[in-house]
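A.B. asks:
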Amino acid sequence: MKAVMLAAQTIQTGQADVVIAAGAESMTNVPYYLPKMRFGAKYGHQEVIDGVQKDGLTDVYNNYSMGVAADETAEEHQISREAQDDYAISSYKRAQAATEAGLFKDEIVPVIIPGARGKPDTVVSTDDEITNLNESKLRAMRPAFKPNGGTVTAPNSSPISDGAVAIILISGQKARELKIPVLALIRGSADAEQDPSRFTTAPSLAIPKAIKRAGLTAEQVDFYEINEAFSVVACANMKILGLNSDNVNVNGGAVALGHPLGCSGARVITTLISVLRQKNAKIGVAGICNGGGGASAVVIERVSEDHAKL
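Below you can see the structure in the form of structure tokens.
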């Protein structure tokens, strides 16, 4: 998401007319680290460090898993295990329904995996996580981060996943000049921050800030996309902001679709633009938390292709 914000600012300051903002992450290919191997390890067993956990999913300020912070959020905002499981199941079902209805087709570029030894190529055109819902198993899973009293589990959190998104931003003048169809405008954006242990609810600060900068009110927002690093992230931010779940992550979220770290901000913006078009709506807000207590939010306005507003 920050890449999109910086791209917009680059255009707004006249440094460029067209910018591609992209985010990509392959969490399944993150290696394990052997920190003592560079200069040679001595006799005895050596440490192996999970790169995903160390560099992606650890709160470095408190030296604990970000899932622990999610559990603390659930306690602070009184969000039960049942509520989190219900939310996760809803995310999967919404994503499944959206996929069956073809609502993701305009967002997805199929990936072709060449077949080996004369076998046909494999075309990946739908997300492979959304079919993994098993409600009874989900509700029976043990806590993942706090064995005693924890409510955050593996299935009510986002899975380890891969993904990439690219968004083209263009100035109004250049769009008119090239006669390029425009899907949406960026009306405003904002960053916000609080204590690192409370990164989960930082979107509740960034979202109102972005709406205000856009010159709008919350009542004018039609749909929201909020990242689902954990189900409790969406639950807590909806509770704080007083949002109706009918208007948030309507096609499912990261619990079902995956949360590739460097990709997710751009992904929720892309999905939000699609939702606004599908619902014939006008204003949407995308918000995402990040490690270190921060969050970003972007306000999007869907426009027609006649360039009248550009």
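With full-length UniProt numbering, the residue at position 143 of the sequence shown is 143, and numbering never jumps. All C-beta atoms in this analysis are idealised placements derived from N, C-alpha and C, irrespective of residue type, glycine included.
Which of the three DSSP states is assigned to residue 103 in this structure?
C.D. replies: Three-state DSSP puts residue 103 in coil, outside helix and strand.
A.B. asks: Pick out the complete alpha helix (DSSP H) segments inside the segment 115-162, 4 residues or longer, and give them in chain order.
C.D. replies: Taking only runs of at least 4 residues, the alpha helix (DSSP H) segments lying wholly in the segment 115-162 are 135-140.
A.B. asks: Per DSSP, what are the beta-bridge partners of residue 58 in this structure?
C.D. replies: Answer is 65, bridged to residue 58.
A.B. asks: Measure from the alpha carbon of residue 185 to the alpha carbon of each residue in 217, 239, 298 and 178, then state which is nearest.
C.D. replies: Taking only the C-alpha atoms, the option nearest residue 185 is 298.
A.B. asks: Kindly confirm or deny that the segment 123-132 and the segment 212-232 touch, where touching means at least three C-beta pairs closer than 8 Å.
C.D. replies: No: the two stretches stay apart, fewer than three of their Cβ pairs being nearer than 8 Å.
A.B. asks: Should the segment 138-156 be regarded as contacting the segment 242-251, the criterion being three or more beta carbon pairs within less than 8 Å?
C.D. replies: With the cut-off at 8 Å, the segment 138-156 and the segment 242-251 do not touch.
A.B. asks: Between which two residues does the alpha helix (DSSP H) carrying residue 274 extend?
C.D. replies: Residue 274 -> alpha helix (DSSP H) spans 264-278.
A.B. asks: Confirm, please, whether the CB-CB distance from residue 30 to residue 52 is below 7 Å.
C.D. replies: A contact, by the Cβ cut-off of 7 Å.
A.B. asks: Going by other Cβ atoms of all chains shown within 10 Å of its Cβ, with 16 needed for buried, is residue 308 buried or exposed?
C.D. replies: At residue 308, the pLDDT of 45 sits below 50, so the modelled position is not reliable; the number obtained from the coordinates is stated separately. Classification of residue 308: exposed, given that the 10 Å Cβ count is below 16.
A.B. asks: If you check the beta carbons only, do residue 74 and residue 203 fall under 7 Å apart?
C.D. replies: Cβ atoms of residue 74 and residue 203: not closer than 7 Å.
A.B. asks: Alpha carbon to alpha carbon, how far is residue 139 from residue 12?
C.D. replies: Roughly 48 Å separates the two Cα atoms.
A.B. asks: If you follow the alpha helix (DSSP H) that residue 251 is in, where does it begin and where does it stop?
C.D. replies: Residue 251 -> no alpha helix (DSSP H), and no H or E assigned at all.
A.B. asks: Going by the DSSP bridge assignment, what does residue 222 pair with across the sheet?
C.D. replies: For residue 222, which the question treats as bridged, DSSP gives no partner whatsoever.
A.B. asks: On the DSSP bridge assignment, give the partners of residue 33 in chain order.
C.D. replies: Paired residues: 49.
A.B. asks: Quick check on residue 45: buried or exposed, where buried means 16 or more other Cβ atoms within 10 Å of its Cβ?
C.D. replies: Burial call: exposed.
A.B. asks: Quick check on residue 308: does DSSP put it in helix, strand or coil?
C.D. replies: Residue placement at residue 308 cannot be trusted, given a pLDDT of 45 that sits under 50; what the coordinates show is reported in the next sentence. Correct three-state label for residue 308: coil.
A.B. asks: So residue 113 and residue 122 are supposed to be a Cβ contact under 8 Å. How far apart are they, rounded?
C.D. replies: With a Cβ gap of about 4 Å, residue 113 and residue 122 count as contacting.
A.B. asks: Is it buried or exposed for residue 28, if we count other Cβ within 10 angstroms and need 16 for buried?
C.D. replies: It counts as exposed.
A.B. asks: Could you tell me the alpha carbon to alpha carbon distance between residue 23 and residue 141, rounded to whole angstroms?
C.D. replies: Those two C-alpha atoms are separated by around 32 Å.
A.B. asks: Classify residue 136 as buried or exposed, calling it buried when 16 or more other Cβ atoms lie within 10 Å of its own Cβ.
C.D. replies: Exposed: under 16 other Cβ atoms inside 10 Å.
A.B. asks: Do residue 251 and residue 94 come within 7 Å of each other at the CB atom, strictly closer than that value?
C.D. replies: Result yes, Cβ atoms of residue 94 and residue 251 sit closer than 7 Å.
A.B. asks: Enumerate in chain order the residues of its own chain whose CB-to-CB distance from residue 62 is below 7 Å, with the five nearest sequence positions on each side excluded.
C.D. replies: Result list for residue 62: 196 and 197, in chain order.
A.B. asks: Give a yes or no on whether the C-beta atoms belonging to residue 152 and residue 67 are separated by under 7 Å.
C.D. replies: Yes. Within cutoff.
A.B. asks: Between which two residues does the alpha helix (DSSP H) carrying residue 211 extend?
C.D. replies: Where residue 211 is concerned, the enclosing alpha helix (DSSP H) stretches over 203-213.
A.B. asks: Going by other Cβ atoms of all chains shown within 10 Å of its Cβ, with 16 needed for buried, is residue 176 buried or exposed?
C.D. replies: When all chains shown are included, residue 176 counts as exposed.
A.B. asks: Quick check on residue 169: buried or exposed, where buried means 16 or more other Cβ atoms within 10 Å of its Cβ?
C.D. replies: Classification for residue 169: buried.
A.B. asks: So, for residue 232: in the same chain, excluding its five sequence neighbours on each side, which residues have a beta-carbon less than 7 Å away from its beta-carbon?
C.D. replies: Cβ within range, chain order: 70, 73, 74, 79, 84, 152 and 200.
A.B. asks: Nearest-angstrom Cα distance between residue 99 and residue 246?
C.D. replies: Cα-Cα distance, rounded: 18 Å.
A.B. asks: Is the beta carbon of residue 182 closer than 7 Å to that of residue 285?
C.D. replies: The answer is no: Cβ separation not under 7 Å.
A.B. asks: Hey, residue 92 and residue 256 are a contact pair by Cβ (cut 8 Å); roughly how many whole angstroms apart?
C.D. replies: Rounded, the Cβ-Cβ distance is 4 Å, consistent with contact.
A.B. asks: According to DSSP, which residues form a beta bridge with residue 169?
C.D. replies: In the DSSP output, where bridge partners are listed per residue, residue 169 has 19.
A.B. asks: How long is the line joining the alpha carbons of residue 96 and residue 65, rounded to whole angstroms?
C.D. replies: Cα to Cα, the separation comes out at about 30 Å.
A.B. asks: Consult DSSP for residue 198 and reduce its assignment to one of helix, strand or coil.
C.D. replies: The answer is helix: DSSP assigns residue 198 an H, G or I state.
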